[in-house]
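So for the sequence shown, the working numbering puts the first residue at 329; every next one is plus one. Note that the Cβ used here is the ideal one computed from N, Cα and C, for glycine as well. The structure presented is a predicted model; accordingly, all values stated were derived computationally and were not measured.
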Amino acid sequence: MDSRLKPYEDYFESEANYIGKYPAHWEITKLRFVFEERKEKNIDKKERNILSVMRNKGVVPYSEKGNVGNKHSEDIERYNLVYKDDIVMNSMNVIIGSVGRSKYNGALSPVYYVLKNRNYEDFNVRYYENVFRMTSLQRELTKYGKGILAHRMRIPIELLKNLELPLPPKEEQDQIVRYLDSKLSKINKFIKTRKKQIELLKELKQAIINEAVTKGLEPNVKMKTSGIEWLGDIPEGWEVRRLSQISKIVLSGLDKKSYENQKNVRLCNYVDVYKNNYITNDLDFMVATATDNEIQNYTLLHGDIIITKDSESWDDIGVPAYVDEELINVLCGYHLAIIRVNSPNLISEFIYNAFLSDYVANQYKVKAKGVTRFGLSYQHIHDTNIIIPPKEQQLEIASYIKAKSCDIDITIQKIQKEIDLIAEYRTTLISDVVTGKVDVRHIEVEDTIEGIEEDFEDLEEGDIEEEIKMGEE
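Pasting the structure below:
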């Protein structure tokens with residue numbers, strides 16, 4: 329915490345919960361007096377720079393959005409124009425942070441509200457950009473929302489215009505912006521450096537796995553041709569086998585629904601596999617039901633390997649998890665495949681490590697079929713080539729990878745904890761400064777280039793853009 333930060337001397341209490349107490353010389357105003365809604369349509373396709381708003385990232389060109397959300401409409405004439413320094417918010421997602429200041433001129437789907445500054449002499453839009461970043465403000469907006477799902481509530485613009493906003497004197501707004509620019513640039517640089525360290529550690533971990541499962545642990549081992557051109561050479565004494573020759577493959581067809589007259593089970597779903605290296609009883613499995621036949625076919629056993637077989641992105645195909653202990657009444661869910669090693673000369677955890685390697689992932693990259701969704705068929709999985717060393721080496725390699733991976737994972741967790749703590753501090757700092765809990769008027773700060781490099785983490789669900797069809801509203 330910045331030791332220079334002290335509270336103001338006198339405070340009033342605001343009726344807006346997210347503001348709470350505010351400095352006595354500040355005012356409270358309503359959004360309608362600071363911003364007006366911009367309602368310019370993209371007639372004659374004046375703007376072809378299509379923009380979007382991503383949760384915790386703000387306004388970005390659609391081309392930078394990546395494989396998240398829906399495609400933008402081809403009919404961009406019905407889109408709204410947005411100009412640099414406009415505040416843009418998703419009327420369906422503002423409650424969860426889909427809001428930001430535009431650094432671009434462009435056009436946006438009508439699902440977005442575009443707000444322009446009424447008076448630059450009185451209002452610093454970058455101050456209000458920080459106000460809209462506050463999670464406490466986003467919670468405040470729920471009372472204006474209409475809808476069943478909290479994270480998909482639509483906020484009518486007329487209600488939004490009544491939102492209370494803090495109004496410091498203009499020179500104080502400017503100083504708050506300067507102070508936050510200076511502090512956040514340092515914080516974001518720290519986070520960016522730490523995230524780079526994590527990426528390098530992940531690359532190291534992947535390199536260790538790749539080397540161990542294709543070359544073994546001996547540095548000067550004699551090599552031979554694998555017989556497969558793209559696979560290259562493998563150590564002498566090793567062989568290449570089809571997955572179908574060494575394991576039983578089961579594609580799960582068990583959905584998440586519960587039915588009467590079926591037995592209660594626990595379900596290992598796609599997300600359990602995608603997010604965890606090891607499947608254990610400690611995981612919070614979903615409760616569902618299954619028939620006797622489904623229980624017989626899809627019950628998970630110690631030593632099973634589970635892989636993802638369907639996804640919206642090819643690089644999410646074939647992601648493995650290893651069943652590391654005897655599970656109690658746990659079945660494999662839909663969009664997953666069970667790989668059950670059926671040879672006494674094979675160590676299933678070694679095969680699991682093979683699935684973590686690039687050489688297996690690249691096979692699925694080639695085979696995965698789809699346009700908006702990718703999937704592996706039974707035959708694709710059946711034909712997977714697996715490099716197999718003698719059993720003793722399998723044991724050594726599996727133990728080696730587990731130990732090395734554990735050390736790297738512990739280091740990553742420590743770095744991630746640092747990131748989480750500084751990100752939490754960043755959130756608190758923004759809130760305290762823009763609502764006047766601390767006084768920054770006396771603090772001298774160096775000028776910082778406008779447009780701080782943000783380093784917010786995308787939330788797991790991604791940001792879903794709701795396109796409004798013509799004539800809906």
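Rounded C-alpha distance that separates residue i from residue j
{"i": "Met-798", "j": "Ile-404", "result": "Below a pLDDT of 50, predicted positions are generally treated as unreliable, and Met-798, at 29, falls in that range; the measurement from the model is reported next regardless. The alpha-carbon atoms of Met-798 and Ile-404 are separated by roughly 11 angstroms."}
{"i": "Glu-772", "j": "Tyr-441", "result": "36 angstroms"}
{"i": "Tyr-650", "j": "Gly-631", "result": "7 angstroms"}
{"i": "Ile-574", "j": "Lys-697", "result": "25 angstroms"}
{"i": "Asp-620", "j": "Phe-702", "result": "31 angstroms"}
{"i": "Thr-739", "j": "Ile-634", "result": "26 angstroms"}
{"i": "Ser-586", "j": "Ala-616", "result": "5 angstroms"}
{"i": "Val-549", "j": "Ser-727", "result": "19 angstroms"}
{"i": "Leu-512", "j": "Arg-754", "result": "7 angstroms"}
{"i": "Leu-465", "j": "His-708", "result": "49 angstroms"}
{"i": "Asp-502", "j": "Tyr-455", "result": "7 angstroms"}
{"i": "Glu-794", "j": "Cys-596", "result": "Per-residue confidence for Glu-794 stands at a pLDDT of 37, beneath the threshold of 50, marking its modelled position as unreliable; no derived number is given."}
{"i": "Val-762", "j": "Gln-525", "result": "32 angstroms"}
{"i": "Glu-800", "j": "Arg-383", "result": "Low local confidence applies: a pLDDT of 36 at Glu-800 is under 50, so the model's placement there is unreliable, and no value is given."}
{"i": "Gln-744", "j": "Lys-523", "result": "8 angstroms"}
{"i": "Glu-365", "j": "Met-420", "result": "16 angstroms"}
{"i": "Gln-721", "j": "Trp-566", "result": "10 angstroms"}
{"i": "Gly-348", "j": "Asp-338", "result": "13 angstroms"}
{"i": "Pro-351", "j": "Asn-605", "result": "50 angstroms"}
{"i": "Arg-332", "j": "Trp-354", "result": "21 angstroms"}
{"i": "Glu-341", "j": "Val-768", "result": "20 angstroms"}
Sub-8 angstroms separation of residue i and residue j beta-carbons
{"i": "Lys-367", "j": "Asn-408", "result": "yes"}
{"i": "Ile-667", "j": "Leu-559", "result": "no"}
{"i": "Val-439", "j": "Asn-418", "result": "yes"}
{"i": "Val-459", "j": "Ser-685", "result": "no"}
{"i": "Val-593", "j": "Leu-659", "result": "yes"}
{"i": "Asn-445", "j": "Phe-363", "result": "yes"}
{"i": "Glu-724", "j": "Leu-545", "result": "yes"}
{"i": "Leu-359", "j": "Leu-488", "result": "yes"}
{"i": "Pro-717", "j": "Pro-563", "result": "yes"}
{"i": "Leu-495", "j": "Thr-357", "result": "yes"}
{"i": "Ile-607", "j": "Asn-713", "result": "no"}
{"i": "Glu-468", "j": "Tyr-346", "result": "yes"}
{"i": "Ile-519", "j": "Ile-747", "result": "yes"}
{"i": "Val-578", "j": "Tyr-507", "result": "no"}
{"i": "Arg-406", "j": "Lys-373", "result": "no"}
{"i": "Lys-471", "j": "Val-766", "result": "no"}
{"i": "Glu-774", "j": "Ser-437", "result": "no"}
{"i": "Tyr-680", "j": "Pro-648", "result": "yes"}
{"i": "Val-427", "j": "Leu-379", "result": "no"}
Residue i, enclosing alpha helix (DSSP H) - first and last residue
{"i": "Asn-625", "result": "620-626"}
{"i": "Ala-535", "result": "498-543"}
{"i": "Arg-461", "result": "Looking at the DSSP string, Arg-461 is not in any alpha helix (DSSP H), and its letter there is neither H nor E."}
{"i": "Ser-733", "result": "719-762"}
{"i": "Arg-360", "result": "359-362"}
{"i": "Ile-645", "result": "Ile-645 -> no alpha helix (DSSP H), and no H or E assigned at all."}
{"i": "Leu-488", "result": "485-488"}
Cβ distance (whole Å) where residue i is taken to contact residue j below 8 angstroms
{"i": "Leu-704", "j": "Ile-645", "result": "6 angstroms"}
{"i": "Asn-452", "j": "Val-381", "result": "Contact doesn't hold; Cβ gap of about 21 angstroms is too wide."}
{"i": "Val-601", "j": "Leu-655", "result": "Actually they do not touch by this definition, with Cβ atoms about 13 angstroms apart."}
{"i": "Ile-415", "j": "Glu-457", "result": "7 angstroms"}
{"i": "Ile-827", "j": "Leu-443", "result": "Limits of the chain in this structure are 329 at one end and 801 at the other, which puts residue 827 out of reach."}
{"i": "Asp-413", "j": "Ser-391", "result": "Rounded, the Cβ-Cβ distance is 21 angstroms, inconsistent with contact."}
{"i": "Lys-591", "j": "Ile-623", "result": "7 angstroms"}
{"i": "Lys-719", "j": "Ile-675", "result": "7 angstroms"}
For residue i, the residue or residues it bridges with in DSSP
{"i": "Asn-605", "result": "In DSSP, Asn-605 forms no bridge with anything."}
{"i": "Ala-616", "result": "Val-593"}
{"i": "Asp-767", "result": "Lys-334"}
{"i": "Asn-713", "result": "Arg-570"}
{"i": "Gly-348", "result": "Paired residue(s): none; Gly-348 is not in a bridge."}
{"i": "Glu-365", "result": "Leu-443"}
{"i": "Leu-655", "result": "In the DSSP output, where bridge partners are listed per residue, Leu-655 has none listed."}
{"i": "Thr-470", "result": "Paired residue(s): none; Thr-470 is not in a bridge."}
{"i": "Phe-702", "result": "Ser-639"}
{"i": "Glu-588", "result": "Looking at the DSSP assignment, Glu-588 forms no beta bridge with any residue, so it has no partner."}
{"i": "Val-388", "result": "Ser-380"}
Where the beta strand (DSSP E) containing residue i begins and where it ends
{"i": "Val-427", "result": "427-429"}
{"i": "Leu-443", "result": "440-445"}
{"i": "Asp-561", "result": "561-563"}
{"i": "Ala-689", "result": "Taken as a continuous stretch (DSSP letters only), Ala-689 belongs to no beta strand (DSSP E), being part of the alpha helix (DSSP H) at 686-695."}
{"i": "Glu-341", "result": "339-341"}
{"i": "Ile-404", "result": "Looking at the DSSP string, Ile-404 is not in any beta strand (DSSP E), and its letter there is neither H nor E."}
{"i": "Leu-611", "result": "Where Leu-611 is concerned, there is no enclosing beta strand (DSSP E), given that its DSSP letter is neither H nor E."}
{"i": "Asn-418", "result": "415-418"}
{"i": "Gly-434", "result": "434-436"}
{"i": "Glu-492", "result": "492-495"}
{"i": "Leu-579", "result": "575-579"}
Closer than 8 angstroms to chain D by CB, residue i
{"i": "Gln-744", "result": "The chain labelled as chain D is not found in the depicted structure, where only one protein chain is given."}
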